[in-house]
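Undergrad: Protein chains in written order, with the UniProt record's numbering: chain H, 1 to 517; chain G, 1 to 154; chain X, 1 to 76; chain L, 1 to 946. Please see the structure below; I have some questions.
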Amino acid sequence: MMRIFVSKDMASVALGADSLAEAFASAGCEVVRTGSRGLFAIEPLAEVETDEGRIAYGPVGPNDVSAVLDGSHPARIGRIEDHPFFSGQQRFTFARCGVTDPLSLSDYAAHGGWKGLETALGLSPQAVVDAVKASGLRGRGGAGFPTGIKWQTVLDAAADEKFIICNADEGDSGTFADRMLIEGDPFCLIEGMAIASHAVGASHGYIYIRSEYPSAIAAMREAIARSATKIAPFTLEVRVGAGTYVCGEETALLESIEGKRGEVRAKPPLPAVEGLFGRPTVINNVLSLAAVPFILAEGAQAYAEVGFGRSRGTMPVQIAGNVKNGGLYEIGFGVTLGELVNQIGGGTASGRPVRAVQVGGPLGAYFPPSMFHLPFDYEAFAEAGGLIGHAGITVFDDTVDMAHMARFAMEFCAVESCGKCTPCRIGSTRGTELIDRIVAKAPRAAGTLETLPQMRNARTAARSHEEEIDLLRDLCDTMKHGSLCALGGFTPYPVLSALDHFPEDFGSGHALTEAAE
Amino acid sequence: MTQTAQIQSIIDRFVHSDQRGALLPLLHEIQEELGFIAPGAVPLIADALLISRAEVHGVISFYPDFRTEPPARHVIKLCRAESCQARGGAAIEAELSHHLGVAMGHARKDGQVALEPVYCLGLCAIGPNAMVDDRPVARIDSAAIGRIAGEVEA
Amino acid sequence: MMSTDERLAYMADQILRNFASRGQEAAIAATLDHIGQFWDPGMKSRAAAMPDAPGVVLSDGVRATFMRLRDSQPAS
Amino acid sequence: MTFTREKDFGTPEATGEAVSLTIDGQQVSVPAGTSIMRAAAMVETAIPKLCATDSLESFGSCRMCLVEIEGRKGYPASCTTPVASGMVVRTETDKLRKLRRGVMELYISDHPLDCLTCSANGDCELQDMAGAVGLRDVRFGFEGANHLEGCKDESNPYFTFDPAKCIVCSRCVRACDEVQGTLALTVDGRGFASKISASQGEGFLASECVSCGACVQACPTSALIENTVIEKGTPDRAVVTTCAYCGVGCTFRAEMRGEELVRMVPWKEGKANHGHSCVKGRFAWGYAQHRDRILNPMVRNSVDEPWREVSWDEAIVHVASEFRRIQNSYGTRAIGGITSSRCTNEETFLVQKLIRQGFGNNNVDTCARVCHSPTGYGLKTTFGTSAGTQDFDSVEQADVVLVIGANPTDGHPVFGSRLKKRLREGAKLIVIDPRRIDLVRSPHVEAAHHLPLRPGTNVALLTAMAHVIVTEGLVDETYVRERCDTEAYGEWAAFVSDPARSPEAIEELTGVPAADVCAAARLYATGGNGAIYYGLGVTEHSQGSSTVMAIANLAMATGNVGKPGAGVNPLRGQNNVQGSCDMGSFPHELPGYRHVSDSVARAQFEQDWGVTLDAEPGLRINNMLDAATDGTFKGIFIQGEDILQSDPNTTHVAAGLAAMECVVVQDLFLNETANYAHVFLPGSTFLEKDGTFTNAERRIQRVRKVMEPKNGYADWEVVQLVANAMGLGWTYTHPSQVMNEIARLTPTFAGVTYDVLDQRGSVQWPVNEAAPDGTPTMHIDHFVRGKGLFVVTDYVPTDERTGPRFPLLLTTGRILSQYNVGAQTRRTPNEAWHAEDRLEIHPHDAENRGIRDGDWVALRSRAGETTLRALITDRVAPGVVYTTFHHPDTQANVITTDFSDWATNCPEYKVTAVQVAPSNGPSDWQRRYRAQADQSRRIETAEPAE
């Protein structure tokens with residue numbers, strides 16, 4: 001009987017993987033549902049188990065079953081590992097994703113699963129923390145804070161109870177690595193959290209998954225149930241978000257798990273000192289925790305030797321938007337933005353030239369092709385006035401209107417603002433109104449109120465286009481330095497990068513070329 | 001069974017565990033079973049979790065997932081985030097809204113379908129995407145709009 | 001409505017019952033001390049006159065207490 | 001004259017060791033944990049702020065208070081950044097000014113611009129900050145999205161919520177959480193749409209709000225503001241005084257415009273309330289100007305005649321001559337008086353002086369008779385002094401709190417809030433009460449054990465707890481050996497160890513499962529600092545005194561007296577019931593709890609007052625009324641009390657009063673007792689006189705005159721007029737002289753003077769050489785009586801038994817919005833919350849009597865009958881009903897019997913056998929009573945009508 005591997009990842013299902021699987025099943029094959037390999041251009045994908053390993057065919061549909069089974073189908077790719085999109089990758093964290101049955105404990109163990117945990121349990125908590133420090137692992141959620149130092153703080157804190165929290169709120173547009181890993185290799189995340197619990201002495205852990213990821217929620221709950229004895233006495237629990245981007249901010253996430261409004265907390269205290277229910281708490285992104293089993297199993301050095309500058313190890317980059325080869329590309333830091341977009345990504349799906357790329361989700365900066373030389377590295381992107389964030393890259397072709405994208409950045413902030421701090425609560429709404437006036441080239445005339453004589457000091461002359469743009473810059477300055485968290489604080493990145501790199505879309509046109517008025 | 005009794009039975013079943021910070025899980029549970037959280041549920045929830053009605057109301061009103069009125073028979077959540085915009089999301093939104101006769105963020109008057117925004121479904125390389133009730137749909141084009149409209153009118 | 005005499009007898013009896021755990025003798029002594037501390041002269045002299053007054057029904061404890069009170073009163 | 005607000009340091013005080021840093025070049029040394037904002041404020045550097053205020057934890061939302069710190073990137077908020085040693089902070093730079101103006105520009109782009117007609121004009125922090133940052137232009141204009149349409153919420157009678165003026169700083173929400181502990185407010189919605197909402201947005205009055213005013217006080221703008229400020233404008237001066245309602249003793253700033261009181265704002269320096277208040281003290285002061293106030297003296301020869309207004313001289317002379325006439329014809333002991341627990345220490349001292357020096361007898365009593373007299377007897381017997389052992393702050397170090405016979409969140413709300421805060425920090429709670437009070441289960445508060453015992457079985461239950469503690473070896477042996485009378489302990493231990501006093505033995509009697517009693521006893525004995533708080537549910541029983549002693553026994557057995565966080569704490573009902581007892585208002589004691597037979601003490605007074613004093617105890621109230629019906633007691637002077645409504649067995653009280661020849665009542669209004677009065681002397685409110693009150697933690701606090709008495713005299717002046725008309729020649733010109741006399745004659749008050757009170761704000765007696773700074777915690781190394789005395793408390797069932805005719809047990813209590821007999825609070829908008837007494841009855845008991853919620857029911861006992869509306873609830877257990885006595889038309893005390901505490905005659909309000917049946921309206925007694933009251937209230941004014 002032929003064994004066929006078909007992904008049940010949410011993206012694969014959206015592209016028709018379920019009907020493909022049914023077709024193979026009714027053709028008498030044994031179908032194993034796996035996570036996604038991570039290249040959506042070739043999905044729905046079917047891999048046929050043969051003596052020379054798995055032979056992949058994609059994209060294929062239900063009526064291609066016989067051609068696939070007899071090997072004649074033109075979409076034959078051969079072994080996925082040899083495909084150019086995969087051969088260049090360094091899959092430390094995503095090694096099993098797309099290969100194993102996500103909920104099979106034996107499959108997981110057969111592919112190096114639990115080795116990291118066993119190694120860790122043989123070490124003292126401090127030794128485990130030292131290994132994570134030595135690996136150079138930094139927060140993959142976006143902050144880039146050294147994971148080892150965070151764990152050290154929690155280990156050192158004395159408390160009757162400590163918690164491990166996995167931030168799986170992944171709200172950035174252009175990112176899906178957390179979803180793919182949870183759906184494709186949930187035990188890897190569980191193993192990482194178990195190691196963390198041993199390292200800092202935590203008794204209970206939560207995985208906060210956004211409500212927009214129903215299959216990830218189901219997969220993780222099932223995986224927790226199946227692996228409970230394996231990680232005892234450490235216990236895990238899934239908590240589901242409720243449609244707010246801001247709960248991806250670590251303290252808003254804590255408020256949410258505590259059953260409160262997701263308002264951002266002031267710091268200090270740091271969550272590592274006083275986090276969930278006031279106890280010391282490790283909060284790490286899915287990818288940070290999922291990288292830990294490799295570090296303990298293969299050793300910190302194996303992880304640290306890969307990378308660029310102070311960004312050590314691999315980053316599962318997500319290439320998205322208007323791109324030909326959209327998908328997950330795990331690679332050591334240092335690869336350039338251009339390589340990711342053009343060589344690996346294959347340029348735009350529309351075939352039109354790439355005009356802009358947003359890196360790091362809705363709070364990330366827009367980069368024109370002139371900056372594609374930038375190496376993928378926390379410090380390099382920071383110096384270039386942007387950020388890596390959760391390593392989502394969204395490609396736009398030349399039909400994009402950057403003023404509209406800047407407007408969307410303010411609108412997104414207004415929709416998702418928790419409403420606690422003034423620069424973001426009011427600033428995002430005023431910013432949206434302001435960009436509308438700039439885009440419409442309709443600088444504000446004095447309002448009816450301002451023209452009344454009682455408003456003695458109010459200016460009655462209309463404002464100019466330049467004045468409105470200067471006000472936008474001032475507003476961005478207030479939001480950037482005044483906001484309580486990154487939502488209001490980073491919204492200026494996309495706005496100002498659009499304004500600075502694509503002034504022509506804002507009707508000022510003086511930066512790059514002296515475009516006609 | 002009256003609605004209050006239904007809510008109380010869900011609460012009784014759910015709140016026995018000494019789960020800490022159990023408000024969001026309980027609200028999800030009630031909405032999953034009854035489709036929305038009636039204002040009358042707030043005092044029952046507050047009493048069960050030993051918190052004030054104000055706290056429950058503050059949480060329900062903060063999180064957009066929680067509805068306080070019965071939902072439309074079908075709910076389409078169309079992604080408006082950057083990656084789907086890069087693949088023509090804005091045009092698809094206009095066409096779908098026009099085709100269904102309902103503005104984004106609203107339910108149609110006949111209660112048959114609601115069109116709601118969502119900011120990213122994690123399908124960012126195969127947009128424009130949407131959740132049609134609980135089914136993900138990718139690479140939405142005019143043809144797909146036709147299929148979706150047919151589905152939700154049934 | 002209790003008459004004043006009945007009320008005084010009732011008050012004394014109630015005090016005795018609350019000192020009963022000390023034994024009869026000690027209870028009477030404690031009640032007498034209590035009356036000394038808290039009853040006004042009018043109430044004391046009225047109580048002292050009750051054992052000898054015809055037709056006044058008193059419990060043994062109260063009677064013993066009021067008689068002890070009567071004997072300790074200065075010749076009024 | 002601009003209105004000076006109390007200085008706001010922005011964040012609460014911290015208590016770490018000293019840390020030194022530099023702010024704007026100036027060296028500052030503050031405790032670790034202090035925010036940079038507070039450190040700056042302590043050196044007169046006012047960093048702009050809007051969401052920070054020092055009564056609340058820092059929040060960090062307005063972003064006005066950003067500063068620069070050397071070596072740290074970005075612009076941290078000074079409110080949420082604690083100081084660190086060697087830190088170099090700059091609070092004023094170009095960048096900071098630009099950022100603050102940027103934030104202010106955003107605020108003012110969404111705010112009304114009608115400052116000059118706004119009720120917070122001159123008293124608004126947003127207005128101040130706009131000025132401070134030099135806002136000159138709002139470049140966004142005023143046409144963008146805004147919150148200016150929301151309609152005002154005027155549901156609460158005392159304050160208005162105007163959402164248009166709200167800057168969403170959440171200070172109100174946080175005050176309702178951190179200060180009051182009710183959490184009735186929240187932010188509704190998210191982002192720009194965020195708006196403040198009470199409960200589910202149904203308006204303040206219908207919401208969970210208890211109207212304590214903390215949110216109004218915390219609000220920086222006019223979003224939440226007192227209606228009196230809206231009507232009268234901002235106040236121009238403030239006088240610190242003490243509230244005249246409950247025994248917590250909250251101190252307030254009476255904020256005035258000239259002679260008119262604008263608002264009462266709790267004083268942050270107040271050591272009992274620390275800047276918090278409840279609806280009564282904060283808002284319900286309108287009674288002082290109510291039209292019902294009687295302002296002219298009135299006299300009549302008999303109670304059937306209408307009142308005749310007379311001059312003060314005529315009234316005073318009439319009183320003096322009548323009293324002398326009665327004494328001449330019926331003997332020295334034929335008259336007496338009752339002091340008020342609502343008047344000042346100085347006034348109660350003078351009334352008992354008038355009686356002892358002027359009348360020449362000890363016939364003086366006070367309303368403490370009907371509330372905490374058993375506390376006086378019980379604690380004096382066991383500890384040696386008749387007062388609570390701790391200060392209210394002590395609750396912050398309590399690990400286990402036992403509340404018995406009290407409902408703090410209703411009766412002592414500000415202490416209730418502080419207790420809730422401690423419970424939310426993790427302290428455990430035990431509640432012993434037949435009724436499920438709020439503390440048993442309400443948001444964020446749940447009692448570890450609730451023992452709903454049958455009314456009247458307190459002694460049995462407490463003795464059973466003692467049984468567990470002794471028999472399971474949980475006694476603090478060293479404490480007992482060193483601090484207590486070991487012989488008395490031996491007897492007591494043997495007594496309680498008897499199996500007949502085990503929890504199992506009394507389970508059937510009390511109706512409380514033995515396991516719960518054991519668990520509660522073990523928790524109290526082993527759970528760390530154990531603090532017991534009790535109220536009238538302990539004292540108003542036939543074994544009230546025994547229950548107080550049983551409580552004292554438990555505290556001594558577990559070493560819980562003489563240290564912070566522990567103690568035995570009576571929650572005294574009224575503002576000066578402690579003071580009136582201290583001042584010798586009881587017939588058997590001179591000021592300072594010294595028996596009248598104590599010749600040394602008596603000599604002191606005789607020498608000072610130039611008279612010989614009666615060495616024999618005087619009559620208690622109930623004895624006075626008995627003597628009156630016997631014809632031997634003919635005259636009474638009642639200051640600030642309404643015994644007809646507040647004392648039990650109304651018919652008995654009425655008969656006593658009717659038998660007297662001269663009843664003198666001094667009060668603010670024609671109260672129920674005045675129906676039987678011959679002379680009415682108008683009284684003055686706490687706003688119209690100087691003096692002191694002593695609260696339930698023995699804290700003496702100043703009451704300061706803020707307006708001239710409307711009736712012409714402060715109450716102490718009226719007493720002096722009567723005294724001098726009786727030839728006593730008093731020469732007081734100011735209450736401070738009375739306090740000097742008190743200090744001279746009372747050892748525990750030796751160090752108390754008005755200067756000391758002005759300097760230190762308040763002080764807890766004893767204040768003398770041994771304790772110059774007062775005594776927060778008593779009995780520290782030794783008990784006042786030397787060794788703590790264990791007293792055997794055997795359960796003696798009350799004679800008030802249920803039977804077929806009266807199968808249910810009635811117990812009584814109070815509610816937050818009304819106070820005592822309601823004389824004051826019924827004359828304020830507090831009626832909005834509780835306009836009538838209701839009978840709480842269990843669903844089963846109501847069902848089998850065919851009673852529906854809201855029905856009129858007849859409530860009958862052996863003593864009488866009244867009618868009121870039913871309230872069906874499972875707060876009360878089956879077989880138990882409950883009501884309040886705030887409204888005269890229900891006259892709940894016509895039901896209560898004249899059974900009382902064996903030692904002090906404190907009436908047994910809490911146990912009355914009753915029957916409840918459907919009724920169709922007021923009982924005929926009520927009708928007769930109403931008619932008689934109306935008839936007696938007729939007044940003929942002195943001047944002929946124009």
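Ideal Cβ placement from N, Cα and C applies to all residues, glycine included.
Check the DSSP bridge columns for I207/H and list the partner residues they point to.
TA: Working through the first sequence from its first residue, we reach residue 207/H at position 207. Answer is C166/H and V238/H.
Undergrad: If you draw a straight line from the C-alpha of A628/L to the C-alpha of A49/X, how long is it?
TA: As a position in the fourth sequence, residue 628/L is number 628, starting the count at 1. As a position in the third sequence, residue 49/X is number 49, starting the count at 1. The C-alpha of A49/X is placed about 20 Å away from the C-alpha of A628/L.
Undergrad: If we call anything under 8 Å between Cβ atoms a contact, is L670/L one with F686/L?
TA: Position 670 of the fourth sequence holds residue 670/L. Position 686 of the fourth sequence holds residue 686/L. Taking a C-beta distance under 8 Å as the contact criterion, L670/L and F686/L do not qualify as a contact pair.
Undergrad: Counting only the same chain and skipping the five closest in sequence on each side, list residues whose C-beta sits under 6 Å from that of K133/H.
TA: Here residue 133/H refers to the residue found at position 133 of the first sequence. Cβ neighbours of K133/H beyond the five flanking positions: G148.
Undergrad: Grouping DSSP H, G and I as helix and E and B as strand, with all else coil, what is D773/L?
TA: Mapped onto the fourth sequence, residue 773/L falls at position 773. Here D773/L sits in coil by DSSP.
Undergrad: Hey, Y909/L and E540/L: beta-carbon distance below 8 Å or not?
TA: To locate residue 909/L, count along the fourth sequence from 1; it is residue 909. To locate residue 540/L, count along the fourth sequence from 1; it is residue 540. A contact, by the Cβ cut-off of 8 Å.
Undergrad: On the premise that V173/L lies in contact with T186/L, defined as a C-beta separation below 8 Å, what is that separation, rounded to the nearest angstrom?
TA: Position 186 of the fourth sequence holds residue 186/L. Position 173 of the fourth sequence holds residue 173/L. The Cβ separation is near 6 Å, so the contact holds.
Undergrad: Run through the DSSP bridge pairs and tell me what F159/L is partnered with.
TA: Taking the fourth sequence and counting its residues from 1, one reaches residue 159/L at position 159. Answer by DSSP bridge pairing, in chain order: E226/L.
Undergrad: Would you identify the three-state DSSP class for E49/H, choosing helix, strand or coil?
TA: The count along the first sequence starts at 1 and reaches residue 49/H at position 49. Strand.
Undergrad: Along chain G, which residues have their Cβ under 8 Å away from the Cβ of P843/L?
TA: Position 843 of the fourth sequence holds residue 843/L. Simply none; closest approach about 17 Å.
Undergrad: If distances are taken between C-alpha atoms only, which option among F506/H, G326/H, G139/H and C476/H comes closest to H404/H?
TA: Along the first sequence, one-based indexing puts residue 404/H at 404. Residue F506/H is the option with its Cα nearest to H404/H.
Undergrad: Helix, strand or coil, according to DSSP, for A77/G in the structure here?
TA: Here the question's residue 77/G lines up with position 77 in the second sequence. Per the sequence shown, residue 77/G should be read as Lys rather than Ala. Strand, per DSSP.
Undergrad: Considering only DSSP beta bridges, list what I283/H is partnered with.
TA: What you label residue 283/H is simply residue 283 of the first sequence in a count that begins at 1. Beta-bridge pairing links I283/H to I165/H.
Undergrad: Go through its chain and collect everything with a Cβ distance to V310/L's Cβ below 6 Å, but skip five positions before and after it.
TA: By 1-based counting over the fourth sequence, the position of residue 310/L is 310. For V310/L, where only same-chain residues beyond five positions count, the Cβ hits under 6 Å are P297 and V299.
Undergrad: Put F308/H into one of helix, strand or coil per three-state DSSP.
TA: Counting from 1 along the first sequence, the entry for residue 308/H is found at position 308. Three-state DSSP puts F308/H in a strand.
Undergrad: Which word fits L295/L, buried or exposed, when buried means at least 16 other C-beta atoms lie within 10 angstroms of its C-beta?
TA: On the fourth sequence, position 295 is the one that residue 295/L refers to. That one is exposed.
Undergrad: What's the gap between the Cα of C166/H and the Cα of P70/G?
TA: Stepping through the first sequence from its first residue, residue 166/H is reached at position 166. Stepping through the second sequence from its first residue, residue 70/G is reached at position 70. One C-alpha to the other measures close to 33 Å.
Undergrad: Kindly list, in the order they appear in chain G, the residues whose Cβ is closer than 7 Å to that of Y493/H.
TA: Here residue 493/H corresponds to residue number 493 of the first sequence, with the count starting at 1. By Cβ distance, chain G contributes nothing, its closest Cβ being about 13 Å from Y493/H, past 7 Å.
Undergrad: With 8 Å as the threshold, decide whether the Cβ of C421/H is near any Cβ in chain L.
TA: Counted from its first residue, the first sequence places residue 421/H at position 421. C421/H counts as touching chain L.
Undergrad: Quick one: which residues of the region 320 to 338 of chain H get their C-beta closer than 7 Å to a C-beta of chain G? List them in chain order.
TA: A320, G321, N322, V323, G326 and G327
Undergrad: In terms of residue numbering, what span does the beta strand (DSSP E) encompassing K44/X cover?
TA: As a position in the third sequence, residue 44/X is number 44, starting the count at 1. It is not in any beta strand (DSSP E) - K44/X instead sits in the alpha helix (DSSP H) that spans P41 to A49.
Undergrad: Using a Cβ cut-off of 7 Å, pull out every chain G residue sitting near E208/L, in sequence order please.
TA: The sequence position of residue 208/L within the fourth sequence is 208, counting from 1. Those within 7 Å of E208/L in chain G are S52, R53 and A54.
Undergrad: Relative to the alpha-carbon of T382/L, which residue among L419/L, R927/L and V784/L has its alpha-carbon at the smallest distance?
TA: Stepping through the fourth sequence from its first residue, residue 382/L is reached at position 382. Residue V784/L holds the alpha-carbon nearest to the alpha-carbon of T382/L among L419/L, R927/L and V784/L.
Undergrad: Any C-beta of chain H sitting closer than 8 Å to the C-beta of P82/L?
TA: Numbered from 1 along the fourth sequence, position 82 holds the residue referred to as residue 82/L. So, interface residue.
Undergrad: Do you know how far the Cα of S580/L is from the Cα of T348/L?
TA: Translated into the one-based positions of the fourth sequence, residue 348/L becomes position 348. Translated into the one-based positions of the fourth sequence, residue 580/L becomes position 580. Straight-line Cα distance between these residues: approximately 6 Å.
Undergrad: If contacts are defined as beta-carbon pairs under 8 Å, then P117/G and G88/G qualify, I think. What distance do you get, rounded to the angstrom?
TA: For the purposes of this step, residue 117/G is identified with residue 117 of the second sequence, where counting begins at 1. For the purposes of this step, residue 88/G is identified with residue 88 of the second sequence, where counting begins at 1. Wrong, their Cβ atoms sit about 16 Å apart, outside the cutoff.
Undergrad: Counting pairs of beta carbons, one from the region 364 to 375 of chain H and one from the region 486 to 500 of chain H, are three or more of them closer than 8 Å?
TA: yes
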